[in-house]
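**Q** Take this structure first; my questions come after.
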Amino acid sequence: ISVIVVGAGLGGLATAIGLQRAGHQVTVLEKYPTLGEIGAGIKVPPNAGRVFREWGLLNALEKICIIPEDGKMRSYRDGNVLSTMLQDKLIQEKYGIPYFVVHRVDLHHMLAEAAQREGAIIELGKEVASVRGTPEKAFVQLTDGEERAADVVLAADGERSRVRTSVLGQEFPWKDSGDHVFRATVPLQALEGDEQLRGLTRGVNWWVGPEGNALTYPLKRGRLLNIVITHVHPRDARVEFAPTPISPAEVIHAFDGWDPLLHRLLTLTTTCARWTLLHTDIASHWTGETGNIALMGDAAHAILPYLVLFSNMRHKSQIPDILTIFETIRKPRAIEMQRRVSMARDIWSMPDGPQQRERDRQLREHEPYDGYPNVLADPVLAQFMFGYDAFEAAREAWRKFEKGEFP
1 ISVIVVGAGL
11 GGLATAIGLQ
21 RAGHQVTVLE
31 KYPTLGEIGA
41 GIKVPPNAGR
51 VFREWGLLNA
61 LEKICIIPED
71 GKMRSYRDGN
81 VLSTMLQDKL
91 IQEKYGIPYF
101 VVHRVDLHHM
111 LAEAAQREGA
121 IIELGKEVAS
131 VRGTPEKAFV
141 QLTDGEERAA
151 DVVLAADGER
161 SRVRTSVLGQ
171 EFPWKDSGDH
181 VFRATVPLQA
191 LEGDEQLRGL
201 TRGVNWWVGP
211 EGNALTYPLK
221 RGRLLNIVIT
231 HVHPRDARVE
241 FAPTPISPAE
251 VIHAFDGWDP
261 LLHRLLTLTT
271 TCARWTLLHT
281 DIASHWTGET
291 GNIALMGDAA
301 HAILPYLVLF
311 SNMRHKSQIP
321 DILTIFETIR
331 KPRAIEMQRR
341 VSMARDIWSM
351 PDGPQQRERD
361 RQLREHEPYD
371 GYPNVLADPV
381 LAQFMFGYDA
391 FEAAREAWRK
401 FEKGEFP
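Counting along the sequence shown from 1, when you hit position 277 you're at 277 in UniProt numbering, and nothing is skipped either side.
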């Protein structure tokens, strides 16, 4: 079948790889004139790593990634370790594949090359204005007036998606989470002579405190330390959709009184970017009325469960069934992850007081349990996230579908 993917971000490119491998012809339409990614670091957990392994891309991934030794949740005041998670040895023993961190630009470049090797066509400077469907075809209207047709259109155009508006028949507004995100990087050579700071390059470090948290982890094979900070913004702050350059002094001031080690690190930053953390409600339905236009998330794993489904397809008439199966598989996971993230935000940003002291006590004194304050050490959530096999979930759904049991 012919497929148009709207958006050449990580999710769109991963979709192109999977569908080309399933024997279909994919054209990716990207509105920007050049390929690129905004941001610095991204995590590739074991559930995503399994996909790269199945695609034969694990070796390529390992060349651009770093595997953290572990992760440490720290008190914002003094940096004392409250909880340890993401121990590499334990993760590989349990899930059979590491927890990677990688620079977004490197991962994006790798996926683009892989998609083109598989035969996908990537067209730049092609902005989509709207989509429509008939029972026979799906159509994409570009802003320059050109119309394209395909058997399926998949929207990977982000949280401000135009395709989503076409599919749902109404605007689907973003929501301000109430937080700003700050991002900066520090090169390894800037840490020379400070063994405490150099120690941060061996793993993930995460400070939790009132109204915010700070995360650091290594990138570029350990040559760069990524800093991501989330902090409550003033009520009258304007929404910043894209990263806006700011002075590092603003971040340093916002985290006055936090761990001296974190403060020392922040003083080494020379540039910093800030944007508003936005979110949207999960759409009530992900597939258009004609059954051949579907929405997907902007992360690679959001599309993976139905890649195998398309390889099983025997006739174009099965497209609506496959997209319905995809939504049925994926949507409960998306809802559960959104719920967990919302809960975690409150736990991570607790103000000083009795609740915060009880949180810290549980982190220090208890073995991880279901609902543990450190979500990345929660054994039930970890199994839900890292133990998930998207390909097997899709195969099982297809077996049920063929028996008339699904959806």
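All C-beta atoms, glycine included, are put in the ideal place defined by N, C-alpha and C.
1. With burial defined as no fewer than 16 other Cβ atoms inside 10 Å of the residue's Cβ, what is the status of residue 52: buried or exposed?
2. Start and end of the beta strand (DSSP E) containing residue 217?
3. How many Å lie between residue 33 and residue 124 at the Cα?
4. What number of angstroms, rounded off, separates the C-alpha of residue 174 from the C-alpha of residue 134?
5. Got a sec, what are the start and stop residues for the beta strand (DSSP E) residue 275 sits in?
6. So, do the region 242 to 253 and the region 262 to 273 have three or more beta carbon pairs nearer to each other than 8 Å?
7. Measure how close the beta-carbons of residue 40 and residue 183 come, nearest whole angstrom, since I'm counting them as under 8 Å.
8. Enumerate in chain order the residues of its own chain whose CB-to-CB distance from residue 344 is below 6 Å, with the five nearest sequence positions on each side excluded.
9. Taking the alpha-carbon positions, what's the residue 58 to residue 170 distance?
10. For residue 104 and residue 38, what's the separation of their Cα atoms in angstroms?
11. For residue 290 and residue 95, what's the separation of their Cα atoms in angstroms?
12. Considering only residues of the same chain and omitting the five flanking positions on each side of residue 201, which have a CB-CB separation below 6 Å?
13. From the DSSP output, in three-state form, read off residue 332 for me.
14. Is the separation between the beta-carbon of residue 373 and that of residue 357 shorter than 8 Å?
15. Whose C-beta lies closer than 8 Å to the C-beta of residue 30 among residues of the same chain, with five residues either side of it excluded?
16. By the DSSP assignment, the beta strand (DSSP E) with residue 25 in it spans what residues?
17. Restricting to runs no shorter than 3 residues, where is the beta strand (DSSP E) found entirely within the region 142 to 172?
18. With contact counted as at least three CB pairs below 8 Å, one residue from each stretch, are the region 267 to 276 and the region 130 to 145 in contact?
19. Out of 237, 137, 329, state which residue places its alpha-carbon closest to the alpha-carbon of residue 177.
20. Report yes if the C-beta distance between residue 350 and residue 210 is below 8 Å; otherwise report no.
21. Go to residue 231, then tell me how far its beta strand (DSSP E) extends in each direction, as first and last residue.
**A** Let me spell this out:
1. With 16 or more other CB atoms across the displayed protein chains lying within 10 angstroms of its CB, residue 52 is buried.
2. Run containing residue 217: 212 to 219, per the beta strand (DSSP E) assignment.
3. Residue 33 and residue 124: Cα-Cα distance of roughly 5 Å.
4. C-alpha separation (whole angstroms): 29 Å.
5. From DSSP, the beta strand (DSSP E) with residue 275 extends over 272 to 279.
6. Yes, since at least three Cβ pairs between the region 242 to 253 and the region 262 to 273 fall closer than 8 Å, the two stretches touch.
7. For a cut-off of 8 Å, the C-beta gap from residue 40 to residue 183 is around 6 Å, short enough to register as a contact.
8. Result list for residue 344: 375, in chain order.
9. A straight line joining the alpha-carbon of residue 58 with that of residue 170 spans about 40 Å.
10. Going from the Cα of residue 104 to the Cα of residue 38 covers about 8 Å.
11. If you draw a straight line from the Cα of residue 290 to the Cα of residue 95, it is about 39 Å long.
12. Same-chain partners within the cutoff: 218, 222, 225.
13. Residue state, collapsed to three classes: helix.
14. No.
15. Taking C-beta separations shorter than 8 Å and ignoring five residues to either side along the sequence, the partners of residue 30 in its chain run 7, 8, 12, 122, 123, 124, 125, 126, following chain order.
16. Residue 25 -> beta strand (DSSP E) spans 25 to 30.
17. You should have 147 to 150, 152 to 155.
18. Not touching, per the Cβ criterion.
19. Residue 177 has its Cα closest to that of 237, out of 237, 137, 329.
20. It is a contact, given that the beta carbons lie within the stated cut-off.
21. Secondary structure note for residue 231: its beta strand (DSSP E) is the uninterrupted segment 224 to 232.
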